[in-house]
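Trainee:
There are 2 protein chains.
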Amino acid sequence: MQKRVSLKDIAAKAGVSAALVSYVLNNRLPSRISVATAQKIRDIAGQLNYSTNQLAKSLKTNKTNTIGLIVADISNPFSANLARIIEDEAEKCQYTTIFGSSDEDPGKFDKLVHTMLNRKVDGLILSPPAKSEAVIESLQQKDIPIVLLDRYFPGIKTSYVIIDNFAASMEAVHHLLSTGRTRIGMITYDSELQHLLERKNGYIRALENNGVRVEKEWLQLVGIENNQQQIEDAVRALLSATPGVDAVLFGSNKIATSSLKLINSLSLRVPCDLAVICFDHTEMLDLFYSPVTYIKQPLEEIGELAVSYLLSNLLHNGTISTSQLKASLVIQQSTTRPDELYQAK
Amino acid sequence: MQKRVSLKDIAAKAGVSAALVSYVLNNRLPSRISVATAQKIRDIAGQLNYSTNQLAKSLKTNKTNTIGLIVADISNPFSANLARIIEDEAEKCQYTTIFGSSDEDPGKFDKLVHTMLNRKVDGLILSPPAKSEAVIESLQQKDIPIVLLDRYFPGIKTSYVIIDNFAASMEAVHHLLSTGRTRIGMITYDSELQHLLERKNGYIRALENNGVRVEKEWLQLVGIENNQQQIEDAVRALLSATPGVDAVLFGSNKIATSSLKLINSLSLRVPCDLAVICFDHTEMLDLFYSPVTYIKQPLEEIGELAVSYLLSNLLHNGTISTSQLKASLVIQQSTTRPDELYQAK
DNA sequence: GCTGCGTGTTTAATCGTTTAAACAAAAGTA
DNA sequence: TACTTTTGTTTAAACGATTAAACACGCAGC
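Each protein sequence line maps, in turn, to chains A and B.
Read in my numbering, the first sequence has 455 at position 84, and its numbers run on one by one without any break.
Read in my numbering, the second sequence has 450 at position 79, and its numbers run on one by one without any break.
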């Protein structure tokens, strides 16, 4: 159906064996091959516009130069940005990336992992959904190189690249406290995923450390499906709590988007009536009428590390490398102290 | 490195030939094979947790069940959404998708196409950058099934799925005119890409049809690299033109984002002082303080059609199918008539 | 009892590479 | 001259599947 010129064709035209062509084109045994034949073979290859059949090559060498990347949802800007960085990074090292979206569904995740394995990816970079420990463990048993991304399971020894979500949450809350807010709420996911627990716990701990009692209604948990209605309900619950909140931390960019959409339509002023901070940057945060303070993950670094860990694992199976990077707080108008607002503007 | 159980292993354990195992597992010659052996083979396959090596299978059958998708930038929400739809659609048909971002660079595009071909994708869905006609034509000569997405070259007969950009621009301008604006500007790309020309021409034609003279400064062209500074300059130029504009149409979501960021920081009220419309939806448009009217592409339909055209081309090489879909205008607050604004709010 | 047919299974070639090992001829060494 | 080494190239077996064709066997028909 496609390119049909093979090693044999070149060999025939050059009057040599296919093996020799393979040697030349791969620069093997370079000392032995005569310069003249080498040149001739290269010329003919160029002439016939030869390009190697990766399938055959991979079948023989058991190496596809392909890595699989599974994120929750490739259409989420956070995932898409990370995917792009990983794609570029992999490409620099001559690797092709194949993507998949798990939709936070462990069944779908498992299925994706297996189609990738059937296609013999050399390794996997994974953002595993909840309840996918078994899949990860079985990959480990099969000695398949993996790196977990953005998430990890404390009970499983694997390579991973994550951020310190606990500290990030703490920092966000401290910042809010420092601007005079004390009635701080959070909307995050009702999930057992470790990184989400840490976001939640960081919030709780920061308040406790500062002697603020966390009212039950201040912590709103929503499903990881990001249902708009559910998130709106959570916002309303926060606002109508007694005492109502004067600041809120959103556990993800999706939660932030849905919440801000509602807030935009209410007669509620940010940051006067309500300060907001959210996890992860998206462009929309800068476009909100009061640009939103956010917790910035070092995406470049995360992507680069994930690829480099995976590749070094490929060379040297068994190596386990982990990184917990620090997120940074990017302060914008949405958390300005009300009294500083006018001079700031 | 990975799964090591092959047809032979099953054959050995079952005491039959590998061929028979292949027949059973692929449900070929179903009438001939004895029910007993078939069952035995299936049992053993399950027991050994066999899964077929796609590389070997593809090498033999010359079919990878993989499609390649190249967009401008997978981290752009528009591309990411489309990619996700295509991924899902392909998966329904048992196809895996591999992605790539061309960054609007014909060289990179060509390179991506070739790495995908070396990996023997069955076909390609492409959003070609400017000056990539040669690549497309060479694919056609090699009879490689392709479908162009979002873009097309009028001189080349290929399958494609696009929207009617000319009509979409016209509709946007007509809408603005109908709300009483007459000094309508546009910021779009300085590109020879047909779909972008059509966006530009639709704008010009709509104004001309309504007897509005298009001032030269009303049409601002920027580079397709989406340079923030350049886009900001364009916005300023529109505003400081004489006469200055009272409405503007943005040629893409990137242009809109960059422009709105600036507008957000100016003391300019949307829609009173300036009405805005943009091409393509992103969530950020709903989060702008005055939710932005936009031209909505039917992404689902585009993605589904692209995949279905490609797959039918795979079955029946040579078929050319094209679709020009209609975009719809989603009217939000950013284009409300100033006099209707208060009752609307 | 021979022919022919249907059934269940195997043989063997093939896809396009890689690569260890074999080989033949030329060059070095003693 | 005879023997080893070096040099340039070929042979042939794999990788893990698919698939046309061959095969062996039991059974019906005449």
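The C-beta atom is built at its ideal place from N, Cα and C for all residues, glycine as well.
Note that the structure is a prediction, hence the values are computed from the model and not measured.
1) Just to make sure I have the definition right: I need the residues of chain B whose C-beta is within less than 7 Å of the C-beta of K632/A. Which are they?
2) Does S699/B come out as helix, strand or coil in the three-state DSSP assignment?
3) Take the Cβ of E341/B as the centre, count every other Cβ of all protein chains shown within 10 Å, and call the residue buried at 16 or more, exposed below.
4) According to DSSP, which residues form a beta bridge with M557/B?
5) Can you name the residues of chain A whose CB is closer than 7 Å to the CB of T486/B?
6) Between which two residues does the beta strand (DSSP E) containing Y531/A stretch?
7) Counting only the same chain and skipping the five closest in sequence on each side, list residues whose C-beta sits under 6 Å from that of S629/B.
8) Using 10 angstroms around the beta-carbon of L631/A, count the other beta-carbons present and answer buried if the total reaches 16, otherwise exposed.
9) Quick one: any contact between the stretch 530-543 of chain A and the stretch 658-677 of chain A, if contact means 3 or more CB pairs under 8 Å?
10) Name, going along the chain, the residues of the stretch 491-507 of chain A whose beta-carbon falls closer than 8 Å to a beta-carbon of chain B.
11) Ordered along the chain, which non-local residues of its own chain (more than five positions away) have a Cβ less than 7 Å from that of L497/A?
12) Should D657/A go down as buried or exposed, given a rule of 16 or more other Cβ atoms within 10 Å for buried?
13) Please decide whether T707/B counts as near chain A, where near means a Cβ-Cβ distance under 8 Å.
14) Please classify T690/A as buried or exposed, where buried requires at least 16 neighbouring CB atoms within 10 angstroms.
15) Specify whether the stretch 373-387 of chain B and the stretch 414-429 of chain B touch according to this definition: at least 3 beta carbon pairs, one from each stretch, less than 8 Å apart.
16) DSSP has V484/A in a bridge; who is on the other side?
17) Quick check: G573/B and A539/B, are their CB atoms within less than 8 Å of each other?
18) In the DSSP assignment, what residue or residues form a beta bridge with L396/A?
19) Enumerated in chain order, which unbroken segments of the beta strand (DSSP E) with a length of 3 residues or greater are wholly contained in the stretch 615-683 of chain A?
20) So that I know if they touch, is there some Cβ in chain A lying closer than 8 Å to that of A427/B?
21) Grab the span of the beta strand (DSSP E) containing S472/A for me, first residue to last.
22) Can you list, in chain order, the residues of its chain with a C-beta nearer than 7 Å to that of A409/A? Leave out the 5 residues immediately preceding and following it.
23) Below 8 Å, how does it come out for the stretch 685-705 of chain A and the stretch 521-531 of chain A: are there three or more Cβ pairs, yes or no?
24) Between which two residues does the beta strand (DSSP E) holding T613/B run?
25) Verify the CB distance criterion: does M372/A have a CB-CB separation below 8 Å to chain B?
26) I'd like to check one pair, V606/A with I634/A: are the Cβ atoms closer than 8 Å?
27) DSSP state of T693/A, grouped into three classes?
28) From the beta carbon of R640/A, is the nearest beta carbon of chain B less than 8 Å away?
29) Is it true that the CB of L483/A sits closer than 8 Å to the CB of G471/A?
30) If the cut-off is 7 Å on Cβ atoms, which residues from the stretch 665-696 of chain A count as contacting chain B, listed in chain order?
31) Quick check on N452/B - is its C-beta less than 8 Å from some C-beta in chain A?
32) Identify the continuous beta strand (DSSP E) that holds V442/A and give its terminal residues.
33) Determine the contact status of F659/A and S623/A, defining contact as a CB-CB distance below 8 Å.
Mentor: Answer, in terms of the structure:
1) Chain B residues near K632/A: D657 and L658.
2) Shown here, S699/B sits in a strand according to DSSP, grouped into three states.
3) As shown, chain B starts at 372 and ends at 716. That puts residue 341/B outside it, with no answer to give.
4) Partner residues in the beta bridge of M557/B, as assigned by DSSP, are L590/B and L620/B.
5) Neighbours of T486/B on chain A, chain order: T467.
6) Y531/A -> beta strand (DSSP E) spans S530 to I534.
7) Excluding positions up to five away in sequence, the list reads Q599 and I602.
8) So L631/A counts as buried.
9) With a cut-off of 8 Å, the stretch 658-677 of chain A and the stretch 530-543 of chain A count as touching, because enough Cβ pairs lie within range.
10) Residues of the stretch 491-507 of chain A that bring their beta carbon within less than 8 Å of a beta carbon in chain B comprise K491 and D493, in sequence order.
11) Excluding its 5 nearest sequence neighbours in each direction, L497/A has C-beta neighbours in its own chain below 7 Å: I441, I517, L519 and L520, listed in chain order.
12) Buried, because 16 or more other Cβ atoms sit within 10 Å of the Cβ of D657/A.
13) For T707/B, the answer is no, since every Cβ of chain A falls outside 8 Å of its Cβ.
14) Counting Cβ neighbours within 10 Å, T690/A comes out exposed, since fewer than 16 surround it.
15) The stretch 373-387 of chain B, when compared against the stretch 414-429 of chain B, does touch it at the 8 Å Cβ threshold.
16) Bridge partners of V484/A according to DSSP: none are assigned.
17) A distance below 8 Å separates the beta carbons of G573/B and A539/B.
18) According to the DSSP secondary-structure assignment, L396/A is paired through a beta bridge with no residue.
19) You should have 618-621, 646-650 and 664-667.
20) Taking a beta-carbon distance threshold of 8 Å, A427/B counts as an interface residue toward chain A.
21) T467 to S472 is the extent of the beta strand (DSSP E) around S472/A.
22) Here the set comprises V395.
23) Counting Cβ pairs under 8 Å, three or more are found: they touch.
24) Premise fails: T613/B is in no beta strand (DSSP E) and is neither H nor E.
25) Residue placement at M372/A cannot be trusted, given a pLDDT of 41 that sits under 50; the coordinates are not used to answer.
26) Contact flag set, yes.
27) Assigned with DSSP and collapsed to three states, T693/A falls in strand.
28) No, its Cβ sits nowhere closer than 8 Å to a Cβ of chain B.
29) Yes, the Cβ-Cβ distance between G471/A and L483/A is below 8 Å.
30) Shown here is that no member of the stretch 665-696 of chain A has a Cβ falling below 7 Å from a Cβ of chain B.
31) It does; some Cβ of chain A falls within 8 Å.
32) Here the beta strand (DSSP E) through V442/A covers T437 to V442.
33) Contact: no.
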